[in-house]
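A short write-up of the structure that comes next.
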Amino acid sequence: MKAKRLLTSLLALAMIAGLTACGGEDSGTAEQTLVTSLAEEPATLDPSRCNDVVGDTILINVMEPLIRIQENENGENVPTGAGAERWESNEDGSVWTFYLRDNTWSDGEPVTAEDYVYGIQRILDPEVGSPISFLLSDCIKNGNAVNLGEMPVSELGVKALDEKTLEITLEGPTPYFLSLAYSKAMYPARQDIAESLGDTYGADAAGLVFNGPFVVTQWTHNSQFVLEKNDSYWDKDNVSLDSITYMIMGDENSRYNSFENGSLEIVTVGQPEWIDRFNQKDNVTFTEYVTPSVRFHFYNTQDPIFQNENIRKAFTLALDRDDVVETIYHGTMLPSYSWVPQGVASGETISDYSSRGTAPLTTLIEENPDAKALLLQGMEELGLGSDPSTLDITFSFGGTTQWLRNYGEYLQAVYKEALGVQIQLEFNEWGTFQSLINSGDYQVGYQVWSIDYNDPMAMLSLFVSTSSAIPTGWSNEEYDALVAQAGREMDDEARLALYQQAENILVHDAGIVCPVVNETVNRFHYNYIQNLPTNYFSSNNGGMKYVSIQQDS
Amino acid sequence: MLKFVLKRVFYMLLTLFIIITVTFFLMHSIPGDPLASMARNLPDQTRENYYAKYGLDKPVWEQYLIFMKNLVTKGDLGESIRYPGRSVSDTLATNSQVSGTTGGLALLLGIAIGVTLGIIAALNKNKWPDYLVMFIAILGITVPVFVLAALLQYFFTVQFHLLPTTGWGKPSNLVLPVIVLSFNTIATYARYVKSNMLEVMNQDYILTAEAKGVTPFNVVKNHVLRNAFLPCITILGGQIASVFTGSFIVERIFGIPGLGFYYISSINDRDYTMILGTTVFFGALFVIAQLLIDIVYGILDPRMRIKAKD
Amino acid sequence: MDETMVKEPIPKEKFQVIGTDDFSGDVIARPQIGYWKDAWRRFRENKIATVSLVVLLLMIIMVIIGPYINGINYEDIDQGALNQAPSAEHWFGTDALGRDLFSRVWQAGRVSIAIGVAGALISTVVGCLYGGIAAYFGGAVDTILMRIVEVLFSIPYLLIVILISVITDSHSIFTLMLALTLTGWCNTARLVRGQMMQLKNQEFVLAANALGVSPWKIIVKHLLPNTLGVILVAITFDIPGYIFSEAFLSYLGLGIQAPNTSWGALASAAQQTFAFYPYQMFFPALLIALTMLSFTLLGDGLRDALDPKLRK
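Chains as they are written, first to last, in the numbering used here: chain A, 14 to 566; chain B, 123 to 432; chain C, 12 to 323.
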C-alpha cells in the first residue's frame with residue numbers, strides 16, 4: 014500500500030518535472046494551477062456507473078465526449094466537435110454518423126470508434142447495471158431489449174464503420190438526439206482496461222486511462238483529486254491549466270472560509286449572507302446563472318386523500334412562490350410556474366422553451382383565486398367533511414439537512430395558515446426516501462430534478478406511464494401520446510406546441526406536480542481566473558478545458 | 123495467566139459473532155436498501171438483475187450465511203455497494219490510519235493536559251486553580267464540537283491566516299482537528315482525576331503514609347495517583363476504539379479522510395457491507411481494549427489479581 | 012452440663028434501689044440530626060451549590076412559563092423579521108424564518124432538560140445496578156454481563172435509533188429517550204463496575220459479608236455510596252451528553268420533530284450562519300452551558316454533603 018502511494022507520488026513528481034521541462038516557452042507567466050472544491054466524494058469514475066454531479070464534474074475534464082458545448086462571444090451555446098470532428102444524420106434524423114478526429118488515450122493508444130461503441134454498450138449492458146441507462150434505452154435501436162437482457166449487446170444500433178467512423182442507428186427520428194450526444198451518456202471506454210480491472214474499474218485512479226484535456230493523477234478518497242494537463246490530448250494547445258486540485262469539502266462553511274482566505278479559488282454560494290460578504294471583496298467576480306433544475310412537490314395519486322385533483326391543486330396553489338423565494342431563499346432562486354425549468358433549449362431554433370407561451374401554473378392561479386375553497390370542494394367530493402384540520406397529511410423529504418428542516422417548518426406554517434391543515438414532516442436519508450416513494454408509501458414528496466440533457470423531453474418523459482422516475486402512480490393516455498409524438502417531431506415549432514399541451518395536462522389539468530422554484534448558481538471566483546463558463550450547459554460540457562490564469566503584468 | 127487470556131480470546135470471538143449477527147439482522151430490518159437510489163430509473167427487469175448482482179435478491183438468512191462464510195473462511199468483508207469496486211477492508215485500513223493519527227494525537231494531548239489539570243485542581247480544592255480548571259472542563263463539554271470547530275477554523279484560518287482551512291497530508295492540517303478533538307478528553311480526565319484524587323486522599327492508607335512521614339510528592343506519586351487512575355482506565359478503554367473510528371463532524375469540517383464519515387454515511391446509505399465492516403472493526407477494537415483494561419486493572423491494583431486467576 | 016456451674020440463686024432482698032445520679036450532663040439538648048438532615052445542613056453551607064440549585068430551579072420555571080412571557084408563539088413565522096438581532100420586540104432576536112428566539116429557547120429547553128435529566132437518571136440507575144451486580148458477583152456473572160455490554164456498545168446505535176422510530180412510528184420525546192438510553196447506560200455500568208472491583212475486596216465489604224448482609228444490601232448500601240464521586244461526575248457528563256446526542260440525531264433528521272425544537276437543534280440550525288448572526292448560536296449555547304455548570308456544581312456540592320469522609 015505504502016509502496017504504491019510512493020510510486021504514484023514519484024510518478025506525479027516526474028510528470029510535473031516533465032511538464033516544467035517542456036513548458037519552457039511559458040516561462041515568466043503566471044502559474045497555471047487552480048484549486049476548487051467538490052461537495053462530496055464521487056461513487057466511481059466509471060462513466061457508465063457514475064450517477065452523481067461530482068463524478069460528472071471530474072469526468073468532463075478527463076474524458077472527451079463526441080461533442081462539447083462552447084460559448085460564443087455572446088455567451089450562447091454552440092455544439093462544437095470534440096471527440097468527433099464532424100457529424101451528419103440521414104434525412105429523417107434516425108441514423109447519425111460521427112467522424113472522429115485523431116486523439117490518443119493517456120497511455121498512447123489511439124482513440125477509435127470501437128471505444129465509443131463500447132462506452133455506449135456498457136451503459137445499456139444489463140451486466141453493468143448502469144443507473145443512467147434510461148437516457149439511451151428508448152432512443153437507440155434495440156436499446157430496451159438489450160437493457161432487459163433480451164438481446165445481446167452486439168444487436169445495439171451502435172456500430173464502428175471503421176477506426177474513425179461511428180454510426181448510431183435510432184429507433185426512429187429523434188429530434189433531441191444531439192443533446193444526448195453531449196450528455197454524460199456517450200463517453201468512450203476502453204474494453205481492455207475495463208475488463209482487466211473488472212469490478213474495481215473506476216474505484217481508484219490507478220490503472221485508468223483518459224482521453225480528455227486532463228488526467229487524474231491523484232485521487233485520495235474523501236480528500237482530494239489532482240488533475241494534470243493531458244499531453245496526449247488532441248487539443249492540448251488550447252488547454253492552459255497545468256493542474257487542477259479538487260478538494261472534497263462536505264461542510265459549506267469550510268468552503269466559504271477557504272474562499273475567503275484564498276485557499277479555494279472558485280466557490281458556489283447558497284447563503285445570501287455570504288453572497289453579500291463576497292460581493293464586498295474587490296478582487297472577485299460574481300456570476301449568476303439559472304440551472305435547469307426544478308425544486309418541486311409531487312403527489313401520490315394512489316393516496317386516499319391525494320387521489321383527488323382538487324385537493325392536489327389546493328396544495329399547489331396555497332404556496333406563494335414569491336414568498337418562498339424571499340423567506341426561504343432570500344432572493345437567490347427563481348419562482349417556478351412550469352414543470353420544464355428555465356434555460357432549456359428546444360431544438361436549434363428555440364433557445365429557451367420557458368420563454369414561449371404562458372406557464373401552466375400561472376393559468377391555474379388565475380382561474381382559482383381561493384385555494385381553500387378548492388380544498389373544501391375536494392374534501393366534499395371524497396366525503397371527508399368540511400374541517401381541514403382533521404386531514405392527516407405527511408410531507409416526505411429525501412434528506413435531513415438543516416436547510417430542508419427549515420423548509421419543512423416553513424411549509425407547516427404556510428399550510429396551517431392558508432388551508433388550516435396541520436401537516437406532518439418526515440425526513441429520511443435519500444436511499445430510504447427512494448424506497449418509500451418507490452413502494453408508494455408516501456403522500457406528498459419533495460425533490461429536486463436536474464435536467465439530464467438539453468431538451469424539454471428530458472423533463473416531460475419522466476411522467477409517461479412507463480417511467481418510474483417519479484412514482485406518482487399517475488398515467489394518462491393523452492399525455493403519453495403527446496410526449497411520444499413530440500419525440501418524433503422534427504419541426505421545432507410543431508414540437509414546442511406538443512410539449513406545451515403535454516405540460517398543461519401534467520401541471521394544469523391533473524395537478525400532479527407542484528413546481529416551486531428554479532435553481533440558480535451563485536458563483537464567485539478570483540479575478541485572475543479567466544474564461545470560466547457562464548451557463549449551466551457550458552459549465553457541464555466545457556468543464557475547465559478553456560480556463561486559464563491571467564498573467565501578472 | 124495464559125489460560126485466562128485464552129478464555130478471554132474465546133469470549134471475544136463469541137462477542138464479535140453476536141455483534142455481527144445482531145447488526146446484520148438489525149440493518150436488514152430497517153427500511154431502505156443500498157440500491158434504492160441507484161436503481162430508481164431502471165426498468166423492473168434490469169432492477170432485478172441489479173439486485174441479483176449484489177446477492178440482495180436472496181432471503182436475508184441466506185445472505186447472512188454467505189457473508190459469514192466469506193468472513194470466516196477468507197477473512198473477506200466484501201465490497202462496498204455505495205462505492206462500487208472498493209474493498210471494505212482496504213477502506214477500513216486506509217481511513218483508520220488517518221483517524222488513528224488525529225484521534226491518537228488528540229487523545230495523548232487531552233490526557234496529558236487533562237490529568238495535569240485534574241491533579242492541580244485536586245491539590246488546590248476550592249481555591250482559584252480549582253475553579254479555573256473546572257471552568258475549562260465545563261467549557262470543554264458544553265461547547266458543541268461543531269461550534270468549537272467552526273470558531274477555531276474561522277479565527278485561525280480566515281482572521282489570522284495561520285493554518286490551512288481543510289485538507290490532509292501536511293502536519294499543519296493536524297493542528298486544529300487535534301485541538302478540537304482533545305477538548306472533550308481534557309474535560310473528561312480533569313474531572314475524573316480530580317474527583318478520584320479527592321476520594322483517595324481521604325483513605326486511611328494515605329493517612330498512614332503521611333503519618334509515616336512520606337513526602338507529599340511521594341504520597342501523590344506512589345499512592346494517590348495509582349489509585350485515582352483506575353476509573354480513567356475504564357474510560358480509556360472506550361476511547362481507544364473511538365480513536366480509530368474518528369469523528370464525523372470534525373472530519374467533515376476539516377476535510378479529513380477518516381473513518382468517521384463511513385461510520386455514519388454507511389448507515390445513511392444503507393451500504394450493508396460497509397455497515398458490517400465498520401461495526402466489526404469497532405467491535406474488535408473495543409473488545410480487545412476491554413481485555414487489555416482488565417489486565418491493566420490487575421497490574422495497577424494488586425488486590426484484584428486473585429480474581430484474574432479464576 | 013457441669014454440676015459446679017449450678018449456683019445458688021441470689022436472694023431478691025439483697026438488691027435495693029438507691030436512687031439515680033444526675034445524668035443532666037449527658038442530656039442531648041439539641042435536636043437529633045439524622046444523616047439526611049446533616050447532609051442538607053452541610054449542603055446549605057456550600058454557597059456555590061445553593062446558588063446552582065437556585066439557578067436550576069429558575070431555569071425549570073422559565074422553561075415552563077418562558078414560551079408565554081412575551082406573547083409571541085414559538086412557531087410563528089414572520090417574513091418581515093428574518094434574522095433580526097435582539098431588540099425590544101424580540102429579546103433574543105429571531106431566526107432564519109423570523110421566529111422569536113426567546114420563546115423558542117425556552118420551548119427548546121423543555122425537550123433538552125427533559126432528555127438530559129431523564130437520560131442521565133435512567134442510565135445512572137441502570138448502570139449502577141448492572142455494574143454493581145457484575146462487580147460484586149464476579150466470575151461467570153461478570154463475564155456474561157460485561158460481554159452483553161460489549162455487544163450493546165458495539166452495535167451502531169444509529170441503527171437502533173432508526174429501528175425504534177420505525178417500530179413505534181413516531182419521533183416523540185419518549186421514543187427519543189428510549190432510543191438514547193437503550194445503550195446510553197453502558198458507559199456508567201463499565202465505570203461503576205471498574206470502581207467496585209476495587210472496593211469489593213476491602214475490609215468493610217468482607218465484614219458486611221461475614222455479618223450475613225444480603226448481596227443486594229451490600230451493593231446498594233455499602234458499595235454504591237463509596238463510588239458516589241465517580242457516579243456524580245458521570246451524571247454531570249451524561250446530562251450534556253444526552254443533550255448533544257439528541258442534537259446529533261436532529262442533525263441527522265432523527266431527532267425531535269418540528270415544530271418542536273431543542274437546544275441542540277437550535278444550535279446546529281445557527282451553525283451555518285453563526286459568523287453573521289452570532290446571537291442565534293449564543294443563547295442556546297449559553298443555556299446549555301448554564302444548565303451543565305449548575306448541575307456540575309450542584310453535583311460537587313451534593314458529593315461533599317453526602318460523603319462524610321470529605322467533610323473537613
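Every residue gets a Cβ at the ideal spot worked out from N, C-alpha and C, and that includes glycine.
Proximal residues, the region 51 to 64 of chain C versus chain B, C-beta separation under 7 Å:
Nothing from the region 51 to 64 of chain C brings a Cβ to less than 7 Å from some Cβ of chain B.
Below 7 Å CB to CB, which residues in the same chain sit around VAL252(A) once its five sequence neighbours on both sides are set aside?
On the first sequence, residue 252(A) is found 239 positions in, with the first residue counted as 1. In chain order, PRO226, LYS242, TYR246 and LYS558 place their CB closer than 7 Å to the CB of VAL252(A), counting only its own chain and leaving out the 5 sequence neighbours on each side.
Output, in chain order, the set of chain B residues within a Cβ distance shorter than 7 Å of ILE261(A).
Here residue 261(A) corresponds to residue number 248 of the first sequence, with the count starting at 1. Result: GLY377.
What's the gap between the Cα of PHE185(C) and the Cα of SER273(C)?
Sequence index remark: in the third sequence, residue 185(C) carries index 174 (1-based). Sequence index remark: in the third sequence, residue 273(C) carries index 262 (1-based). Each residue's Cα considered, the two are about 14 Å apart.
Taking Cβ-Cβ distances shorter than 9 Å, what residues in chain A pair up with ALA280(C)?
Your numbering for residue 280(C) matches position 269 in the third sequence. From the beta-carbon of ALA280(C), the residues of chain A found nearer than 9 Å are GLN415, ARG418 and ASN419.
Where the region 151 to 181 of chain C meets chain B: residues whose CB sits under 8 Å from a CB there
For the region 151 to 181 of chain C, which is checked against every Cβ of chain B, the residues closer than 8 Å are THR154, MET157, ARG158, GLU161, VAL162, PHE164, SER165, ILE166, PRO167, LEU169, LEU170, ILE171, ILE173, LEU174 and VAL177.
Would you give the residue range spanned by the beta strand (DSSP E) that MET260(A) belongs to?
Here residue 260(A) refers to the residue found at position 247 of the first sequence. Start and end: 256 to 261.
In this structure, does DSSP put ILE406(A) in helix, strand or coil?
For the purposes of this step, residue 406(A) is taken as the residue at position 393 of the first sequence. Residue state, collapsed to three classes: strand.
Using a Cβ-Cβ cut-off of 8 Å, state whether PRO165(B) counts as contacting chain A.
Sequence index remark: in the second sequence, residue 165(B) carries index 43 (1-based). By this cut-off, PRO165(B) is an interface position.
Can you give me the C-alpha to C-alpha distance between LYS228(C) and LEU140(C), rounded to a whole angstrom?
Sequence index remark: in the third sequence, residue 228(C) carries index 217 (1-based). Sequence index remark: in the third sequence, residue 140(C) carries index 129 (1-based). In this structure, the CA atom of LYS228(C) is about 11 Å from the CA atom of LEU140(C).
What is the DSSP secondary structure of ASN220(C), reduced to helix, strand or coil?
Position 209 of the third sequence, counted from the first residue, corresponds to residue 220(C). In the three-state reduction of the DSSP assignment, ASN220(C) falls in the helix class, which pools H, G and I.
List the endpoints of the continuous alpha helix (DSSP H) containing GLN185(B).
The sequence position of residue 185(B) within the second sequence is 63, counting from 1. It spans 182 to 196 - the alpha helix (DSSP H) in which GLN185(B) sits, taken as one unbroken run.
For a contact defined as C-beta to C-beta under 9 Å, what are the partners of SER306(A) on chain B?
Looking up residue 306(A) in the first sequence gives position 293. Neighbours of SER306(A) in chain B, taken as residues whose beta carbon is under 9 Å from its own, are absent, since the nearest beta carbon is some 16 Å off.
Partners in chain A for GLU337(C), counting only beta-carbon separations shorter than 8 Å:
Here chain C covers residues 12 to 323 and nothing more, so residue 337(C) does not appear.
For LEU352(B) and HIS538(A), what's the separation of their Cα atoms in angstroms?
Taking the first residue of the second sequence as 1, we reach residue 352(B) at position 230. Taking the first residue of the first sequence as 1, we reach residue 538(A) at position 525. If you take the alpha carbons of LEU352(B) and HIS538(A), they lie about 55 Å apart.
Based on Cα-Cα distance, which residue from PHE410(A), LYS197(A), ILE436(A) and THR485(A) lies nearest to TYR459(A)?
One-based indexing of the first sequence puts residue 459(A) at position 446. Among PHE410(A), LYS197(A), ILE436(A) and THR485(A), the Cα nearest to that of TYR459(A) is on PHE410(A).
Any 3 or more C-beta pairs closer than 8 Å across the region 316 to 334 of chain B and the region 181 to 189 of chain B:
Here the region 316 to 334 of chain B does not lie against the region 181 to 189 of chain B, with fewer than 3 beta-carbon pairs under 8 Å apart.
Beta-carbon proximity of SER176(C) to LEU234(C), cut-off 8 Å
The residue labelled residue 176(C) in the question sits at position 165 within the third sequence. The residue labelled residue 234(C) in the question sits at position 223 within the third sequence. Contact: no.
Would you check if the distance between the CB atom of ASN160(A) and the CB atom of SER167(A) is smaller than 8 Å?
Residue numbering aside, residue 160(A) sits at position 147 when the first sequence is read from its first letter. Residue numbering aside, residue 167(A) sits at position 154 when the first sequence is read from its first letter. No, they are not a contact pair.
Please check the pair SER572(A) and ARG62(A), which I expect to be a contact at CB under 8 Å, by giving their CB distance rounded to whole angstroms.
Any answer about residue 572(A) is impossible in this case: the structure gives chain A only from 14 up to 566.
Pair within 8 Å by beta-carbon distance, TYR423(A) and ILE88(C)
For the purposes of this step, residue 423(A) is taken as the residue at position 410 of the first sequence. For the purposes of this step, residue 88(C) is taken as the residue at position 77 of the third sequence. Yes. Within cutoff.
Just the Cα atoms here: how many angstroms apart are ASN64(A) and GLY106(A)?
The residue labelled residue 64(A) in the question sits at position 51 within the first sequence. The residue labelled residue 106(A) in the question sits at position 93 within the first sequence. Each residue's alpha carbon lies about 29 Å from the other.
Interface residues of chain C facing GLN284(A) [CB-CB closer than 8 Å]
Taking the first sequence and counting its residues from 1, one reaches residue 284(A) at position 271. In chain order, GLN283 and THR284 make up the part of chain C whose C-beta sits under 8 Å from the C-beta of GLN284(A).
Which residues does DSSP list as the beta-bridge partners of LEU183(A)?
Here the question's residue 183(A) lines up with position 170 in the first sequence. According to DSSP, which records beta bridges pairwise, LEU183(A) is partnered with ILE153(A).
By DSSP's criteria, SER452(A) is part of a beta bridge. Which residues make up the other side?
Within the first sequence, numbered from 1, the residue matching residue 452(A) stands at position 439. Answer is none; SER452(A) lacks a bridge partner.
Would a check of beta-carbon distances place GLY82(C) closer than 8 Å to chain A?
Residue mapping note: residue 82(C) aligns to position 71 of the third sequence, counting from 1. So, not an interface residue.
If you measure between the beta carbons of VAL116(C) and LEU298(C), is that distance less than 8 Å?
For the purposes of this step, residue 116(C) is taken as the residue at position 105 of the third sequence. For the purposes of this step, residue 298(C) is taken as the residue at position 287 of the third sequence. Yes, they are a contact pair.
Just how far apart, CA to CA, sit GLU38(A) and ASP248(A)?
Within the first sequence, numbered from 1, the residue matching residue 38(A) stands at position 25. Within the first sequence, numbered from 1, the residue matching residue 248(A) stands at position 235. Residue placement at GLU38(A) cannot be trusted, given a pLDDT of 39 that sits under 50; the coordinates are not used to answer.
Taking CB distances under 8 Å as the criterion, tell me whether ASP432(B) reaches chain A.
Locating residue 432(B) in the second sequence gives position 310, where the first residue counts as 1. Low per-residue confidence applies at ASP432(B): pLDDT is 40, beneath 50, and the placement is therefore not dependable, though the value from the model is reported in the following sentence. Answer no: the Cβ-Cβ gap between ASP432(B) and chain A never drops below 8 Å.
Contact with chain A by LEU191(C), beta-carbon distance below 8 Å:
Your numbering for residue 191(C) matches position 180 in the third sequence. So no, LEU191(C) is outside the interface.
Within the region 312 to 393 of chain B, ranges of the alpha helix (DSSP H) (whole runs, at least 4 residues):
DSSP runs (the alpha helix (DSSP H)) wholly in the region 312 to 393 of chain B: 326 to 334, 347 to 350, 352 to 367, 370 to 376 and 382 to 391.
Opening and closing residue of the alpha helix (DSSP H) in which LYS125(B) lies:
Numbered from its first residue, the second sequence carries residue 125(B) at position 3. Going by DSSP, LYS125(B) is part of the alpha helix (DSSP H) stretching over 124 to 151.
Whose Cβ in chain B lies nearer than 7 Å to the Cβ of LEU161(A)?
Start at 1 with the first residue of the first sequence, and residue 161(A) comes out as number 148. The answer, in chain order, is PRO165, GLN167 and THR168.
Kindly identify the DSSP beta-bridge partner or partners of HIS310(A).
The residue labelled residue 310(A) in the question sits at position 297 within the first sequence. Looking at the DSSP assignment, HIS310(A) forms a beta bridge with TYR459(A) and CYS527(A).
Given a cut-off of 8 Å, decide if GLU56(C) and PRO270(C) are closer than it, judged by their beta-carbon atoms.
Locating residue 270(C) in the third sequence gives position 259, where the first residue counts as 1. Locating residue 56(C) in the third sequence gives position 45, where the first residue counts as 1. Contact flag unset, no.
Per-residue contacts from TRP443(A) into chain B (C-beta, under 7 Å)
The residue you call residue 443(A) lines up with position 430 of the first sequence. Per Cβ cutoff of 7 Å: SER159.
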